[in-house]
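Structure first, commentary second.
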Amino acid sequence: MYANDNALQAQVTDLQNELLPTSFITNTPNWSNPPTNTAPSVKAAYLKAKRVLNTFSGWILDFWTSRTSPVTSAWSSVCWSPSLGMFVAVSDGAADTYRSMSSMNGINWGANSCPDNQWTSVCWSPSLSLFVAIAKSGTGNRVMTSSNGTNWTSRTSAADNQWTSVCWSSELNLFVAVASSGTGNRVMTSSNGIDWVARTSAADNNWSSVCWSPQLGLFAAVGTLMDIGVMTSPDGIVWTSRYVAGDHWRSICWSNELGIFLAVGYGVGVFQILVSSDGINWQSNGVMNGGYWTSISWSSELNLFVALATGGFMGNGIMTSSDGVNWCLRKIQVFFGTALCWSPELGIFVAVANDSGIMTTRNGIGK
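Residue 106 in UniProt numbering sits at position 106 of the sequence shown, with consecutive numbering throughout.
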């Protein structure tokens, strides 16, 4: 047992001693949304338990385990469905036979048949109970949907652009996808995942990632071209360019707890981090490792940003931050990572790679 294991166990024991009555002790606590019908002492213990997780979050991220891919495939994106209790990943490999896989625990994966496009991004809509994936290849069919993560249906895309990223806004009941090709139409939207409408993009940048901020009521997309590296929209329809320092921004996410957008990339020079609290004013920062950062994810339960790099520099393929400013490099085996996803219910991160790789953090801290 590691020293940190002993310390964590001691704090967990203290928490159990605080729980009165003891019948409230549960093996499946809900860290994000403590029940409101429990005794105040129990609710306080839930919050204290979350603080314990924050304390040991770095320890959790220092341990990654390789998992076996069901097929050889260039995995490009992964997401989590809380209601299905399922991870789904898609592939953009041009010659891959199976371009989708799913898992209930992040450990055991099964390959699923789907249209043979090069799928670049997948996301889940809790309102529609629907997965949507978008592709950079195909003729008129660069969207597919699934209600169970295993059976997929082709949908007509708004244009045959190279679609790179898709996200869902529960507040607007809207999917938004962005592309790295097209002329003035590098955005498309859908309220149901089936019918898609092309939208005018703020600029013909190579848009690589898009996310939604419920607090700001704002979409933000990042791209790989110099200067016009960001565009924002309150409705997914009208977009505005934002000028930022640096280029080659690859992934963006939002932290409700910190109230900031954070993007990562692999621009030449010192800029690999991009931060904004309003989506309008952006601050570019560097990190100690000039890695090729490809994906960023936020865990509310751990109060932590986790970034993934492809290849990794001297084994430092992961970096973490609790504030988006100060970063700590984490060791991971050489891994050509492309996407990262957090499951609050399982309490694990899953990372996928373009060489069929799958990695997970240690588990057992989920809701």
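The C-beta atom is built at its ideal place from N, Cα and C for all residues, glycine as well.
Model, not experiment: these values are computed from the prediction.
- Rounded to whole angstroms, Trp254 and Trp298 show a C-alpha spacing of 7 Å.
- The stretch 184-256 contains, as complete beta strand (DSSP E) runs of 3+ residues, the segments 187-190, 197-199, 207-213, 218-223, 230-233, 240-242 and 249-255 (chain order).
- Secondary structure of Leu61 (DSSP, three-state): helix.
- Its chain contains Ser125, Leu128, Leu130, Val132, Val143, Thr145, Arg155 and Phe175 as the residues whose beta carbon lies nearer than 8 Å to that of Gly193, once the 5 sequence neighbours on both sides are disregarded; these appear in chain order.
- The C-beta of Thr97 has fewer than 16 other C-beta atoms within 10 Å across all chains shown, which makes the residue exposed.
- Cys123 has its alpha-carbon roughly 6 Å from the corresponding atom of Val166.
- In this chain, the beta strand (DSSP E) harbouring Ile134 covers Leu130 to Ala135.
- Collapsing the DSSP output to three states places Asn173 in coil.
- Taking C-beta separations shorter than 6 Å and ignoring five residues to either side along the sequence, the partners of Ile348 in its chain run Gly106, Thr360, Thr361 and Asn363, following chain order.
- The residue from Ser100, Val264, Ser169 and Asn108 with its alpha-carbon nearest to that of Trp119 is Ser100.
- Nearest Cα to Asn354 within the set Ser91, Ile273, Leu304 and Arg67: Ser91.
- Taking all protein chains shown into account, Glu301 has 16 or more neighbouring C-beta atoms within 10 Å of its C-beta and is therefore buried.
- In the DSSP assignment, Gln283 falls within the unbroken beta strand (DSSP E) covering Gln283 to Asn285.
- Put simply, the backbone Cα of Leu258 is about 16 Å away from that of Cys211.
- Counting only the Cα atoms, Gly140 lies some 7 Å from Ala159.
- Cβ-Cβ separation between Ser251 and Ser284: approximately 15 Å, too far for a contact (criterion under 8 Å).
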